[in-house]
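In this note's numbering, the protein residues as written are 233 to 447. Beta carbons: idealized from backbone N, C-alpha and C, even for Gly. It should be emphasised that the depicted structure is a prediction, and the values quoted were computed from it without experimental measurement. Have a look at the structure below, then the notes.
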């Protein structure tokens with residue numbers, strides 16, 4: 233099975249084709265980790281790039297994410313069995329006072345598709361809940377999102393709470409959302425700002441010490 237065909241099917245949002253191709257590759261003795269790293273992860277990275285260039289929009293991104301999840305349903309038990317380690321674990325959430333979810337969900341999907349394990353806390357998340365989740369999960373990366381200008385103080389409060397918490401090891405913080413800027417990110421003491429899903433993935437990889445791009 234040509235792994236580039238699995239990647240192409242994922243980019244096209246063909247869930248059934250992506251899953252079938254994954255099964256065919258496994259039947260031909262291609263390892264689950266190889267399929268993940270050489271087909272699914274580069275495919276989701278390409279989808280993120282297309283989204284960042286406004287060549288793909290939310291519907292296309294969701295279709296490709298569905299294709300990725302269909303393939304992962306096939307691979308997950310084999311990856312667990314083989315002891316595969318994700319690129320990193322990231323806690324994601326929309327800050328307190330904001331119920332908007334779509335931007336965070338899109339970033340979470342691309343992060344998962346490019347090898348991260350995502351702990352999604354949902355929306356309207358209090359600063360102490362971010363701290364608690366980072367402590368419980370052992371995540372070294374936290375992603376904060378907001379769409380409302382009025383909740384920027386909550387984002388600042390969350391960064392401060394994470395910095396002040398006694399967490400094992402260094403926890404890096406990335407921020408994003410419509411009213412957020414790079415200068416605001418620096419002002420509140422975050423480790424980085426990303427304007428879209430593609431750049432968020434590259435930033436997340438850099439923050440955990442990996443090359444910014446997979447391919």
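message: Can you confirm whether the segment 394–402 touches the segment 347–358 when touching is taken to mean that 3 or more C-beta pairs between the two stretches lie within less than 8 Å?
response: no
Close-in-space but distant-in-sequence residues of the same chain around residue 393 (CB under 8 Å, 5 per side omitted): Position 161 of the chain shown, counted from the start, is the residue given in the question as residue 393. Excluding residues within five positions, the ones whose Cβ falls inside 8 Å are 359, 360, 362, 363.
message: Check this for me: beta carbons of residue 233 and residue 446, under 8 Å apart or not?
response: Start at 1 with the first residue of the chain shown, and residue 233 comes out as number 1. Start at 1 with the first residue of the chain shown, and residue 446 comes out as number 214. Their beta carbons are not under 8 Å apart, which means residue 233 does not touch residue 446 by this criterion.
message: Rounding to the nearest angstrom, what Cα-Cα distance links residue 298 and residue 371 in this structure?
response: Taking the first residue of the chain shown as 1, we reach residue 298 at position 66. Taking the first residue of the chain shown as 1, we reach residue 371 at position 139. Using only the alpha carbons, I get a separation of about 25 Å.
field: CB of residue 290 within 8 Å of CB of residue 387, strictly
entry: The residue given as residue 290 occupies position 58 in the chain shown. The residue given as residue 387 occupies position 155 in the chain shown. Not in contact: residue 290 and residue 387 (Cβ atoms no closer than 8 Å).
query: In chain order, what residues of the same chain have a beta carbon less than 6 Å from the beta carbon of residue 264, not counting five sequence neighbours either side?
result: The residue you call residue 264 lines up with position 32 of the chain shown. Hits under 6 Å: 307, 310, 311.
query: Which residues does DSSP pair with residue 406 in a beta bridge?
result: Translated into positions along the chain shown, residue 406 becomes position 174. Answer by DSSP bridge pairing, in chain order: 375, 424.
- prompt: Is the CB-CB distance between residue 449 and residue 430 below 8 Å?
  reply: Since the first and last residues shown for the chain are 233 and 447, residue 449 lies out of range.
field: For residue 306, the first and last residue of its enclosing alpha helix (DSSP H)
entry: As a first step, residue 306 must be located in the chain shown, where it is residue number 74. Unbroken alpha helix (DSSP H) run through residue 306: 290–314.
- prompt: Which one of 253, 414, 396, 346 has the shortest CA to CA distance from residue 442?
  reply: Along the chain shown, one-based indexing puts residue 442 at 210. Minimum Cα distance to residue 442 is reached at 346.
- prompt: Which residues bound the beta strand (DSSP E) around residue 321?
  reply: Mapped onto the chain shown, residue 321 falls at position 89. Where residue 321 is concerned, the enclosing beta strand (DSSP E) stretches over 320–326.
message: Once DSSP output is grouped into helix, strand and coil, what is the label at residue 246?
response: Sequence index remark: in the chain shown, residue 246 carries index 14 (1-based). Note: residue 246 maps to coil in three-state DSSP.
- prompt: Grouping DSSP H, G and I as helix and E and B as strand, with all else coil, what is residue 350?
  reply: Position 118 of the chain shown holds residue 350. DSSP places residue 350 in strand when its eight states are reduced to three.
query: Taking the alpha carbon of residue 317 as the point to measure from, which residue in 422, 269, 243 has its own alpha carbon closest?
result: On the chain shown, residue 317 is found 85 positions in, with the first residue counted as 1. Of the listed residues, the one whose Cα sits closest to residue 317 is 269.
Local conformation of residue 357 per DSSP, three classes: Here residue 357 is taken as the residue at index 125 of the chain shown, counted from 1. It is a strand residue.
- prompt: Measuring CA to CA, which of 416, 433, 242 is closest to residue 381?
  reply: Walking along the chain shown from the start, residue 381 turns up at place 149. Of 416, 433, 242, the residue nearest in Cα terms is 416.
message: Residues in the same chain with beta-carbon distance under 7 Å from residue 389, minus the five sequence neighbours each way, listed in chain order, please.
response: In the chain shown, counting from the first residue as 1, residue 389 sits at position 157. Excluding positions up to five away in sequence, the list reads 359.
message: When you compare the CB positions of residue 249 and residue 292, do they come within less than 8 Å of one another, or not?
response: Position 17 of the chain shown, counting from 1, holds the residue named residue 249. Position 60 of the chain shown, counting from 1, holds the residue named residue 292. Their beta carbons are not under 8 Å apart, which means residue 249 does not touch residue 292 by this criterion.
task: May I ask which residues mark the beginning and end of the alpha helix (DSSP H) holding residue 396?
output: As a first step, residue 396 must be located in the chain shown, where it is residue number 164. Looking at the DSSP string, the run of the alpha helix (DSSP H) that includes residue 396 is 384–396.
query: Nearest CA to the CA of residue 286: which residue from 395, 353, 428?
result: In the chain shown, the residue the question calls residue 286 occupies position 54. Of the candidates 395, 353, 428, the one whose C-alpha sits nearest the C-alpha of residue 286 is 428.
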